[in-house]
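Q: Position in the sequence shown (from 1) plus 4 gives the number in this note's numbering. Don't be surprised by glycine CBs; every beta carbon is placed ideally from N, CA and C.
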Amino acid sequence: PRALDVWAREETKKLFAGMGVLSEVELEARHEIELHSYVLKLQIESRVAGDLAVNHIIPAAITYQNRLIENVRGLKDVLGVEKSKKAAATQVELIEEISEHLGQVKTLTDAMIEARKQANTIEDHREKAIAYCDRVKPYLDRIRYHADKLELVVEDELWPLPKMRELLFTR
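#1: When you compare each of L26, G22, V43 and L106 to E60 by their alpha carbons, which one comes out closest?
#2: Between T113, A33 and I102, which lies nearest to E49 when the distance is taken from Cα to Cα?
#3: Checking 8 Å against the spacing of the C-beta atoms, do W11 and E28 come in under that value?
#4: Assess contact between the region 91–105 and the region 53–72, defined as three or more Cβ pairs (one per stretch) separated by less than 8 Å. Is contact present?
#5: Using the rule of at least 16 other Cβ atoms within 10 Å of the residue's Cβ for burial, across every protein chain shown, is S41 buried or exposed?
#6: G78: buried (16+ other C-beta within 10 angstroms of its C-beta) or exposed?
#7: If I measure Cβ to Cβ from T67 and keep anything under 6 Å in the same chain, skipping five residues before and after, which residues do I get?
#8: Can you name the start and end residues of the alpha helix (DSSP H) that N124 belongs to?
#9: Relative to the C-alpha of L46, which residue among L154, V158, A133 and E155 is closest?
Here it is in structure tokens:
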């Protein structure tokens, strides 16, 4: 949004007005429209990211995690406590990894939603756009990082979205 401030510069106003292209009022309107468009796009993107996280990624990861937990319990029943510790070490590591990424996705999604709510209370278009840029947008990459990590470990049949390798390479 800071780059859009070019519309409000005096030299821009003089250039457009001097050539009879846009008046000062029209330039201000164009600036406001561009800022509004920026906010709208980030609102949509953050809502979609939150929806995907809460309604698709987290449930799939929890389902897979529960399968692993049942597997570990089954190993304990069959092998006994001592032998199952060694045999289930990989599953336990996966359970811990999934738990870490799940927690981060949930925490970051909640924080992003709260940042969006706070940004939406701002009346000034420029300040609202800057709030979205500085306080909401950074969460998107952080949520994506943890979702990508979960995508790598959750089995294909449970993952509700196309995996990156499926998008890049056809089967």
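A: The structure says:
#1: Reading off the sequence, residue 60 comes out as His, not Glu. Taking only the C-alpha atoms, the option nearest H60 is L106.
#2: T113
#3: no
#4: yes
#5: exposed
#6: exposed
#7: L162
#8: A93 to N124
#9: A133
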